[in-house]
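Colleague: The following block contains the structure, expressed as structure tokens.
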Amino acid sequence: MYNGDSFGFLFDAPVVNGPYRYFSDPQYVGTSLSLAGTAIYYQSVTGYVLAIDMYIIFWISVMFFE
């Protein structure tokens with residue numbers, strides 16, 4: 076996973092509109108919710124564990140890089 080300049084350009088100020096108003100990294104929130112929803116749909120305990128693990132990994136990543 077690479078948290079950095081992925082698109083070759085940088086903004087002068089942080090984006091604070093749209094979903095960024097509520098979450099600093101909405102892509103991580105969306106991915107975590109998607110994994111949790113899939114686990115609920117398939118009623119998979121392993122899926123629940125993986126969704127929680129990914130949420131924790133994303134949280135650590137955000138704390139480390141921001």
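Going by this note's numbering, the sequence shown opens with residue 76, and the numbers climb by one from there. Virtual Cβ for every residue (Gly too), placed ideally from N, Cα, C. From a predicted model like this one, the values you see are computed outputs, not experimental measurements.
Please classify residue 56: does DSSP put it in a helix, a strand, or coil?
Modeller: Lying before the first or after the last residue shown, residue 56 is absent from the chain, which here runs from 76 to 141.
Colleague: Using the Cβ count rule (16 or more neighbours within 10 Å means buried), how would you classify residue 126?
Modeller: Your numbering for residue 126 matches position 51 in the sequence shown. Buried, since its Cβ has 16 or more Cβ neighbours within 10 Å.
Colleague: Taking the alpha-carbon positions, what's the residue 93 to residue 108 distance?
Modeller: The count along the sequence shown starts at 1 and reaches residue 93 at position 18. The count along the sequence shown starts at 1 and reaches residue 108 at position 33. Residue 93 and residue 108: Cα-Cα distance of roughly 18 Å.
Colleague: Just the C-alpha distance for residue 96 and residue 116, rounded to the nearest angstrom, thanks.
Modeller: For the purposes of this step, residue 96 is taken as the residue at position 21 of the sequence shown. For the purposes of this step, residue 116 is taken as the residue at position 41 of the sequence shown. Cα to Cα, the separation comes out at about 29 Å.
Colleague: Quick check on residue 136: does DSSP put it in helix, strand or coil?
Modeller: Stepping through the sequence shown from its first residue, residue 136 is reached at position 61. In the structure shown, residue 136 sits in a helix (DSSP, three-state: H, G or I).
Colleague: On a CA-only basis, which of 138, 135, 129 is nearest residue 105? Give me that one, please.
Modeller: On the sequence shown, position 30 is the one that residue 105 refers to. When only C-alpha atoms are compared, the closest one is 129.
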